[in-house]
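Have a look at the structure below, then the notes.
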Amino acid sequence: MFCFDSVVRYSEMDANNRMTLSALLDLLQDSCIFQSEHIGIGVEFLKKKRRTWALSFWQAVIKRYPLMGERIFVYTWPYRFKNFLGYRNFKVEDEQGRLIAYANSIWTFLDTDSGHPARVPKEIQECYVFEEPYKMDCASRKIEYPAEMEPKEPIRVGRFHIDTNRHVNNSRYVQMAEEFLPENFVAQELRAEYKKAAVLSDMIYPKVQVDGRKITVALEDSKGSAYAVIEFLEEEV
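The sequence shown begins at 13 in this note's numbering and counts up by one.
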């Protein structure tokens, strides 16, 4: 199990002095990048192999959003490889070991030349130590696409959306989708299904459905094919 600690920064805060959802997701993403770098199979290693990991799905459950100045500990571990897929868990705790958030994720190993999935080679599999899966209610990786959704103003992909893969970063899709949440909506659970990558200057066409305390946002191209579908859940008060 890999762990790193961090202090919640002002730049990660929302207007209510709580860490934003996208900042929390960034921590999870950073943790698995850090682990891969630590064991010598990080970004540059994969680049030379013409391979990369692309997030296909994650489910995050947030018990509470940490406040500015809190010291937090982010843990991650892989628990399974299957063909071209990797399965990974996360958890975030405070200094007293109290749970802040936990998550499950599924990653696809890609050939960057072809853009197609590639089997995870043995040399990479053997670098990781598997742990037991986190005990959580794992939701389906396929998010039900509502039949009727309200279209919103399109978004042009800017340079600030792009990561080292030259694609829109995973949490930037979530940031886009968060713009359509009601002001006082506090997401306690998130599911995000990533279907294809948007690149610089692409136009993204959002569609939204509100179903009680569940809000679904589809981020589509001009032909109605989804880049990502994101579902936010808020607990009953």
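Beta carbons are placed, not taken as given, at the ideal position from N, Cα and C, and that holds for glycine.
Given residue i as reference, the closest of the options once Cα atoms are compared
i: cysteine 139; options: Phe69, Ser48, Gly127 and Gln187; result: Ser48
i: valine 20; options: Arg76, Glu82, Thr64 and Arg63; result: Glu82
i: aspartate 26; options: Gly127, Ile53, Asn196 and Thr124; result: Asn196
i: aspartate 169; options: Leu111, Val104, Phe46 and Asp214; result: In the sequence under discussion, the amino acid at residue 169 is valine, which differs from the aspartate named in the question. Among Leu111, Val104, Phe46 and Asp214, the Cα nearest to that of valine 169 is on Asp214.
i: glycine 236; options: Ser126, Val132 and Pro218; result: Pro218
i: glutamate 247; options: Lys75, Tyr87, Phe96 and Leu67; result: Lys75
i: aspartate 149; options: Gly127, Ser117 and Tyr157; result: Ser117
i: proline 78; options: Asp42, Ser43, Glu156 and Ser34; result: Ser34
i: aspartate 106; options: Asp123, Glu156, Val86 and Ser152; result: Val86
i: phenylalanine 57; options: Ile136, Ser126 and Asn95; result: Ile136
i: isoleucine 155; options: Leu245, Asp123 and Gln187; result: Leu245
i: isoleucine 216; options: Leu193, Pro194, Val186 and Arg225; result: Val186
i: aspartate 123; options: Lys147, Asn177, Pro194 and Gln221; result: Asn177
i: lysine 147; options: Asp175, Phe121 and Ala113; result: Ala113
Which residues DSSP lists as bridging residue i, in chain order
i: isoleucine 242; result: Ala204 and Val229
i: serine 117; result: Trp70 and Arg100
i: proline 78; result: Its beta-bridge partners do not exist; DSSP assigns none.
i: glutamate 162; result: Val220
i: arginine 92; result: Tyr99
i: aspartate 149; result: Answer is none; aspartate 149 lacks a bridge partner.
i: aspartate 257; result: The requested residue 257 does not occur in the structure, where the chain is confined to residues 13 to 249.
i: arginine 178; result: Answer is none; arginine 178 lacks a bridge partner.
i: lysine 129; result: The sequence given here places proline at residue 129; lysine does not occur at that position. Per DSSP, Leu122.
Pairwise C-alpha distance: residue j and residue i
i: asparagine 29; j: tyrosine 99; result: 33 Å
i: valine 249; j: valine 198; result: Bear in mind that a pLDDT of 46 at valine 249, under 50, signals an unreliable position, so the model cannot answer this.
i: alanine 72; j: alanine 115; result: 4 Å
i: tryptophan 119; j: methionine 80; result: 31 Å
i: phenylalanine 142; j: arginine 171; result: 36 Å
i: phenylalanine 14; j: isoleucine 84; result: 14 Å
i: proline 133; j: aspartate 223; result: 43 Å
i: methionine 31; j: leucine 67; result: 22 Å
i: threonine 88; j: leucine 36; result: 13 Å
i: leucine 97; j: glutamate 160; result: 32 Å
i: alanine 130; j: glycine 52; result: 20 Å
i: valine 104; j: leucine 111; result: 6 Å
i: leucine 231; j: lysine 207; result: 10 Å
i: histidine 128; j: glutamine 108; result: 43 Å
i: lysine 60; j: asparagine 182; result: 22 Å
i: glutamine 200; j: aspartate 125; result: 38 Å
i: arginine 225; j: proline 90; result: 31 Å
i: alanine 189; j: proline 158; result: 15 Å
i: cysteine 44; j: proline 163; result: 34 Å
i: histidine 50; j: glutamine 41; result: 14 Å
i: histidine 173; j: arginine 184; result: 6 Å
i: phenylalanine 16; j: threonine 64; result: 22 Å
i: alanine 192; j: valine 220; result: The question names alanine, but residue 192 in the sequence shown is phenylalanine. The alpha-carbon atoms of phenylalanine 192 and valine 220 are separated by roughly 7 Å.
i: asparagine 95; j: arginine 153; result: 17 Å
Cβ-Cβ separation, residue j to residue i (assumed contact under 8 Å), whole Å
i: proline 166; j: asparagine 101; result: Not really, about 35 Å apart at Cβ, beyond 8 Å.
i: isoleucine 242; j: leucine 202; result: 7 Å
i: tryptophan 70; j: alanine 204; result: 6 Å
i: alanine 210; j: valine 229; result: Between valine 229 and alanine 210 the Cβ distance is about 14 Å, and since that is not below 8 Å, they are no contact.
i: glutamate 23; j: leucine 39; result: Strictly speaking, residue 23 in this sequence is serine, with glutamate absent from that position. About 13 Å; that fails the 8 Å criterion.
Limits of the beta strand (DSSP E) - the one that residue i falls within
i: serine 18; result: 14-19
Endpoints, the alpha helix (DSSP H) within which residue i is located
i: arginine 184; result: 182-190
i: phenylalanine 46; result: 33-50
i: isoleucine 136; result: 134-137
i: lysine 61; result: 55-61
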